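Taking it in order: structure first as structure tokens, then the write-up.
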Ligand SMILES: *Cc1c(COP(=O)(O)O)cnc(C)c1O
């Protein structure tokens, strides 16, 4: 039995209803935490009961948003293993983000050790294969007090986990999207290319507005020309036209998604041409298929895109053939029902 101070996790895990899991927070038993000073090395941290922490009111993260997050999943597979999908990529992305936000980067070895430890300590919270995954949320923040706008004197790296259900219950469905003509997510030279916590709150109001109007999410165009698609909320965009796959090129304003990169590699291995380029809204709205991607949903087929008075419906709102094939291939690798030809899986030691 794992130590559990409040006992709540123990009660909940015994009668956890895997079928009712959604993408929402279920508190688990154990989290990981380590701290360092501005110019000192990161030391491996330790596991502790999941729960609230105390923090200075003058913490850099609270006052100036000096913080980053990551999002990854641990899966149970057909071979009865617990695996991560390309976790080294999450570690590297967080390092690039730390650089941009003037925080001490967490070494890849510390990052991987941390996520492995937290998953191993919360094994009973990992849903059975096909019922979802254990979502892993690393956070890096300036936790020390600072009054002027400058880097915090000390930093906290913490990792917590929560079980999440499959994104699509009862089959993959296509979503309806609205192109935002008023708001942007990121500007050249800004922080859009890293998972800075401050990038996400400004998207909440546009997203809520779109949802109130009946759409699933907004599509953001680039802030310079207002013509090229950048992202779908917090997911990357792809479209297929005449058998060629297109995705917005990484210009610094787009978050380099690991799912995005995996889809490019998978499609190319399938012999498909993939072009990373500027994708205008006009072009995307003339495409044959479209989808967005990220760790949460893996791939979400797009049923329609609306821009002002114009609406494009893809394949009568039914997920496209190539979209579905890529989804099946990627989820097949993740669940080990297909061979891991790219060596993307990273087994979590569980003994
Ligand atoms: C996290 C994120 C993505 C998807 O990245 P994955 O590594 O595939 O999960 C895409 N766009 C934004 C803005 C994100 O924050």
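Numbering (our numbering), first residue to last: 1 to 351.
We put the CB at the ideal spot given by N, CA and C, even for glycine.
Just so you know, these numbers come straight off a predicted model, no measurement behind them.
Checklist entry - Rounded to a whole number of angstroms, what is the C-alpha to C-alpha distance between residue 166 and residue 143? => result 33 Å
Next on the checklist: Tell me the rounded alpha-carbon separation between residue 35 and residue 157.
Outcome noted: 6 Å
Next on the checklist: Let me check understanding here. Comparing Cα to Cα, which of 298, 309, 141, 66 lies closest to residue 173?
Outcome noted: 298
Checklist entry - When you compare only the Cα positions, how much space is there between residue 146 and residue 102? => result 14 Å
Checklist entry - Buried or exposed: residue 60, going by 16 or more other Cβ atoms within 10 Å of its Cβ? => result buried
Item to check | Sufficient close CB pairs (3 or more, under 8 Å) joining the stretch 196 to 209 to the stretch 46 to 58 | outcome: no
Checklist entry - For residue 260, which option in 296, 271, 210, 148 has the closest C-alpha, if you only look at C-alpha atoms? => result 296
Item to check | Residue nearest to residue 129 in terms of C-alpha spacing, selected from 41, 80, 33, 42 | outcome: 80
Next on the checklist: What residue range does the beta strand (DSSP E) around residue 306 cover?
Outcome noted: 298 to 307
Checklist entry - Can you list, in chain order, the residues of its chain whose CB lies under 8 Å from that of residue 435, leaving out five sequence neighbours each side? => result Within the shown structure, residues of the chain are numbered from 1 to 351, placing residue 435 beyond reach of any answer.
Checklist entry - For ligand 1, any of its heavy atoms closer than 8 Å to the Cβ of residue 195? => result yes
Checklist entry - Is residue 103 helix, strand or coil by DSSP? => result coil
Next on the checklist: DSSP has residue 154 in a bridge; who is on the other side?
Outcome noted: 37
Next on the checklist: Please report the distance separating the alpha-carbon of residue 318 from that of residue 333.
Outcome noted: 24 Å
Checklist entry - If you follow the alpha helix (DSSP H) that residue 249 is part of, which residue opens it and which one closes it? => result Neither: residue 249 is in no alpha helix (DSSP H) and is coded neither H nor E.
Item to check | Between the CA atoms of residue 252 and residue 194 - distance to the nearest angstrom | outcome: 8 Å
Next on the checklist: Quick check on this structure: which residue in 71, 46, 120, 149 has the alpha carbon closest to the alpha carbon of residue 63?
Outcome noted: 149
Checklist entry - Which residues bound the beta strand (DSSP E) around residue 59? => result Careful: residue 59 lies outside any beta strand (DSSP E) and carries neither H nor E.
Item to check | Bridge-paired residues (DSSP) for residue 294 | outcome: 298
Next on the checklist: Please state the DSSP three-state secondary structure of residue 64.
Outcome noted: helix
Next on the checklist: Rounding to the nearest angstrom, what Cα-Cα distance links residue 73 and residue 312 in this structure?
Outcome noted: 33 Å
Next on the checklist: If distances are taken between C-alpha atoms only, which option among 292, 164, 20, 97 comes closest to residue 245?
Outcome noted: 292
Next on the checklist: By DSSP's criteria, residue 45 is part of a beta bridge. Which residues make up the other side?
Outcome noted: According to DSSP, which records beta bridges pairwise, residue 45 is partnered with nothing at all.
Next on the checklist: I need the DSSP call for residue 266, collapsed to helix, strand or coil.
Outcome noted: helix
Checklist entry - Can the beta-carbon of residue 85 be found less than 9 Å from the beta-carbon of residue 115? => result no
Checklist entry - In its own chain, which residues sit with a C-beta less than 8 Å from the C-beta of residue 182, not counting the 5 before and 5 after it? => result 206
Checklist entry - By Cβ distance below 7 Å, which residues in the same chain neighbour residue 308 in space, the five residues on each side in sequence not counted? => result 181
Checklist entry - Using 8 Å as the Cβ pair cut-off and three pairs as the minimum, do the stretch 212 to 223 and the stretch 86 to 93 touch? => result no
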